[in-house]
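Read through the structure below, which is laid out as structure tokens, and then see the notes.
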Amino acid sequence: MYVVNTSKDPSLGWTDFAQKLAAKSNRHFSDEELSLIKNAFEYASSAHEGQRRFSGEPYINHVADVAVDAASLELDAKTISAALLHDTVEDNVATMHDIKKKFGDEVAFLVKGVTKVDKLKYHGVERAAESMRRMFLAVAEDIRVVVLKLVDRLNNMKTLYALPQPEKQKRIASETLEIYAPLADRLGMGEIKNELEDLSFYYVYSKEYEWIKKEVDAKIPEREKYIKKIIPIVKKELGREKIRPIEIAARAKHYYSTWRKLLRYDMNWEKILDLVALRIIVANVEDCYAVLGAIHKLWRPMPGRIKDYIALPKPNGYQSLHTTVFCLDGQPTEFQIRTENMHREAEYGIAAHWFWDETGKSKTGAEFVGQKFSWVKQLQSWQKEFGKGESSEEFLESLKIDFFRDRIFVLTPKGDVVDLPEGSTPIDFAYHIHSEIGSRAFGAKINSKMSPLSAKLASGDVVEIITKKNKKPSSEWLNFVKTSQARNKIKHALGITQPSQKIDENAVELDIVVKNRVGVLKDITGALALFKINIDGVSSAADGNEFPLITVKFRVKNREQLERVKTRLKKIKGVQSVADKTKP
Numbered sequence: 017m018y019v020v021n022t023s024k025d026p027s028l029g030w031t032d033f034a035q036k037l038a039a040k041s042n043r044h045f046s047d048e049e050l051s052l053i054k055n056a057f058e059y060a061s062s063a064h065e066g067q068r069r070f071s072g073e074p075y076i077n078h079v080a081d082v083a084v085d086a087a088s089l090e091l092d093a094k095t096i097s098a099a100l101l102h103d104t105v106e107d108n109v110a111t112m113h114d115i116k117k118k119f120g121d122e123v124a125f126l127v128k129g130v131t132k133v134d135k136l137k138y139h140g141v142e143r144a145a146e147s148m149r150r151m152f153l154a155v156a157e158d159i160r161v162v163v164l165k166l167v168d169r170l171n172n173m174k175t176l177y178a179l180p181q182p183e184k185q186k187r188i189a190s191e192t193l194e195i196y197a198p199l200a201d202r203l204g205m206g207e208i209k210n211e212l213e214d215l216s217f218y219y220v221y222s223k224e225y226e227w228i229k230k231e232v233d234a235k236i237p238e239r240e241k242y243i244k245k246i247i248p249i250v251k252k253e254l255g256r257e258k259i260r261p262i263e264i265a266a267r268a269k270h271y272y273s274t275w276r277k278l279l280r281y282d283m284n285w286e287k288i289l290d291l292v293a294l295r296i297i298v299a300n301v302e303d304c305y306a307v308l309g310a311i312h313k314l315w316r317p318m319p320g321r322i323k324d325y326i327a328l329p330k331p332n333g334y335q336s337l338h339t340t341v342f343c344l345d346g347q348p349t350e351f352q353i354r355t356e357n358m359h360r361e362a363e364y365g366i367a368a369h370w371f372w373d374e375t376g377k378s379k380t381g382a383e384f385v386g387q388k389f390s391w392v393k394q395l396q397s398w399q400k401e402f403g404k405g406e407s408s409e410e411f412l413e414s415l416k417i418d419f420f421r422d423r424i425f426v427l428t429p430k431g432d433v434v435d436l437p438e439g440s441t442p443i444d445f446a447y448h449i450h451s452e453i454g455s456r457a458f459g460a461k462i463n464s465k466m467s468p469l470s471a472k473l474a475s476g477d478v479v480e481i482i483t484k485k486n487k488k489p490s491s492e493w494l495n496f497v498k499t500s501q502a503r504n505k506i507k508h509a510l511g512i513t514q515p516s517q518k519i520d521e522n523a524v525e526l527d528i529v530v531k532n533r534v535g536v537l538k539d540i541t542g543a544l545a546l547f548k549i550n551i552d553g554v555s556s557a558a559d560g561n562e563f564p565l566i567t568v569k570f571r572v573k574n575r576e577q578l579e580r581v582k583t584r585l586k587k588i589k590g591v592q593s594v595a596d597k598t599k600p
């Protein structure tokens, strides 16, 4: 993403870069490490001489920013060097042989993992799919590849405004929203995930972004003023309990996550209870639970809103206590309670601590992945088994569904956490555990109750699969399983080799619950007409109910248009909920 430009803006020099590096990183680099970084900086400066980004800044400033961001995550000298060099190969000013000869095998491996595929060999979706394949093949061997990729993408998103083609801006932002932000989330890198989401939100759903920003910005000051009244009361109570918090601060919810939550709650702002939450950081786990008790002593907790992610961490490593209480004047207020280590991991995830154990001994990527992020190995195994036989479009769609869409966390009877995509069934769960359990599934218990194998699972469900000897999969399972892993294993067991009929991704069926009134159906069809959408079918299950169900079938151009349609429908007077029966 560069042009040749005669602008006089100066390129960053080594001295200024070294100062930025020292300011952002807490690591102490040896003379040998600094020499490696300096050589990489000077090599990149020479390689990118005369190149400028569309924003007009010298290109070396971009790779320098990526390297500084990598340093802020406490990454090592070789990774910082790879960050400086990652675009030299892509821009054809250096070869992998050059990098390996001058900087060694490890730096060359990282550069290769981050560099995009050849533009001449691959185009569009093909190129995106092949980039993903390359990156994930490298990830299980060294997780630094994906951390560098995320840091690079974040820097590119910050300067996306300078790209002159709006359609390309939208494509890059959509890819970021659908793959890179969820990937950061799965690696526990909450800060990067939130930044990627909000930056992408602006380009992908511009009208929704402007509306949410306006609404949130109007509500935040009043909420923050309210929170300031609460903090002294909390500090006083914790003092009585002899608890010394390290920090008590307000945390404002991000725009994109607010919008997603509003969609789930039918655009009802009253259900957004964490627009501004109080975060309390303490010294140890014992103090976390002591703070929880002190808060519940002050104010009555809201039923169903106490979440213990310390005893049961999320699969991405996130740990914290969450509680919502009826606070001053009865206003629901969320508190998040955690230790400093938990907070660091919540912000930076895998980058927060994977390089060093308690003794300061370096860990390999493979060792850490095996300990903390087993899903990365599952992804690599999945790719080897299923990715190669699919088209680029199918590969990317399966990747999004199986690994990067909204997640649920269900439990085995022994309490082990299983991470699945939203909409998964007991059959998806069974195949996730083991192929044999999936193929021999005869029944399922959800929370100790017999349930159909097609039932939709929810976070917190305890699932037990009942198997039967000599049982075989049913072809009917293909109608409701969610994951491509389960689908492909069912097809294999049934001997289905011909390609299945491609699902029409643009076909939509919405269930709309409305308060019965004259003209409501006209308003719904009118909303679709605004988007120039032809309706394929409408049915209503009224039966004299005050809240009838209206089902509408139609086709959309893409998922973005569908989200806009759903947002518009939810604003219609009397509409209680809008549910997509086709895909989440």
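Positions 17 to 600 (the numbering used here) are the ones given, in order, by the sequence shown.
Note that the Cβ used here is the ideal one computed from N, Cα and C, for glycine as well.
Mind checking which residues open and close the alpha helix (DSSP H) that includes residue i?
i      : result
Glu452 : Ser451 to Ser455
Thr95  : Ala93 to Glu106
Lys505 : Ser500 to Leu510
Ile259 : Premise fails: Ile259 is in no alpha helix (DSSP H) and is neither H nor E.
Lys313 : Val301 to Leu314
Ala83  : Tyr75 to Ser88
What is the DSSP secondary structure of residue i, counted as helix, strand or coil?
i      : result
Val123 : helix
Arg571 : strand
Phe351 : strand
Glu194 : helix
Ala474 : coil
His44  : coil
His64  : coil
Thr583 : helix
Ile540 : helix
Asp552 : strand
Thr340 : strand
Lys174 : helix
Asp559 : At Asp559, the pLDDT of 49 sits below 50, so the modelled position is not reliable; the number obtained from the coordinates is stated separately. Residue state, collapsed to three classes: coil.
Asp134 : Low confidence applies here, because Asp134 scores a pLDDT of 47, under 50, leaving its location unreliable; read the following figure in that light. Of the three classes helix, strand and coil, the one that applies to Asp134 here is coil, per DSSP.
Between which two residues does the beta strand (DSSP E) harbouring residue i extend?
i      : result
Glu263 : Glu263 to Ala268
Lys465 : Lys465 to Ser467
Glu361 : First-last for Glu361: Glu356 to Tyr364, but that is the alpha helix (DSSP H), not the beta strand (DSSP E).
Glu211 : Careful: Glu211 lies outside any beta strand (DSSP E), inside the alpha helix (DSSP H) at Gly206 to Val220.
Note down, in chain order, each residue of its chain lying with its Cβ closer than 8 Å to the Cβ of residue i, except the 5 sequence neighbours on either side.
i      : result
Ile482 : Ala457, Phe458, Gly459, Ala460 and Lys461
Glu579 : Tyr221, Glu224 and Leu279
Met112 : Val105, Ala124, Val127 and Lys128
Is the beta carbon of residue i sitting closer than 8 Å to the one on residue j?
i      : j      : result
Ile249 : Val307 : no
Pro331 : Asp435 : yes
Val292 : Ala266 : yes
Ala39  : Leu100 : no
Leu344 : Ile247 : no
Thr339 : Leu289 : no
Arg160 : Thr104 : no
Lys586 : Met173 : no
Tyr281 : Asp214 : no
Val591 : Val568 : no
Lys47  : His102 : Reading the sequence as shown, one finds Asp at residue 47 and not Lys. The answer is no: Cβ separation not under 8 Å.
Arg571 : Ala523 : yes
Val433 : Leu473 : no
Ile566 : Ser556 : yes
Gln352 : Arg295 : yes
Ala63  : Ala110 : yes
Leu199 : Leu166 : yes
Tyr447 : Ala502 : yes
Alpha carbon to alpha carbon, what distance is there between residue j and residue i?
i      : j      : result
Ala310 : Leu193 : 39 Å
Glu257 : Arg316 : 18 Å
Asp596 : Arg354 : 36 Å
Ile236 : Ala98  : 41 Å
Phe445 : Gly454 : 8 Å
Gln185 : Leu179 : 7 Å
Ile366 : Gly204 : 6 Å
Arg43  : Glu183 : 41 Å
Asp527 : Leu28  : 56 Å
Leaving aside the five residues before and after residue i along the sequence, list all residues of the same chain whose C-beta is less than 7 Å from its C-beta, in chain order.
i      : result
Glu211 : Leu170
Ser491 : Leu510
Glu356 : Ile262 and Ile297
Ile588 : Asp539, Ile540 and Ala543
In chain order, what residues of the same chain lie with their CB nearer than 6 Å to the CB of residue i, ignoring the 5 residues before and after it?
i      : result
Asp201 : Lys209
Arg584 : Ala543
Arg239 : Leu291 and Val292
Tell me, please, whether the CB atom of residue i is closer than 8 Å to any CB atom in chain C?
i     : result
Arg69 : The structure shown contains no chain C, having only a single protein chain.
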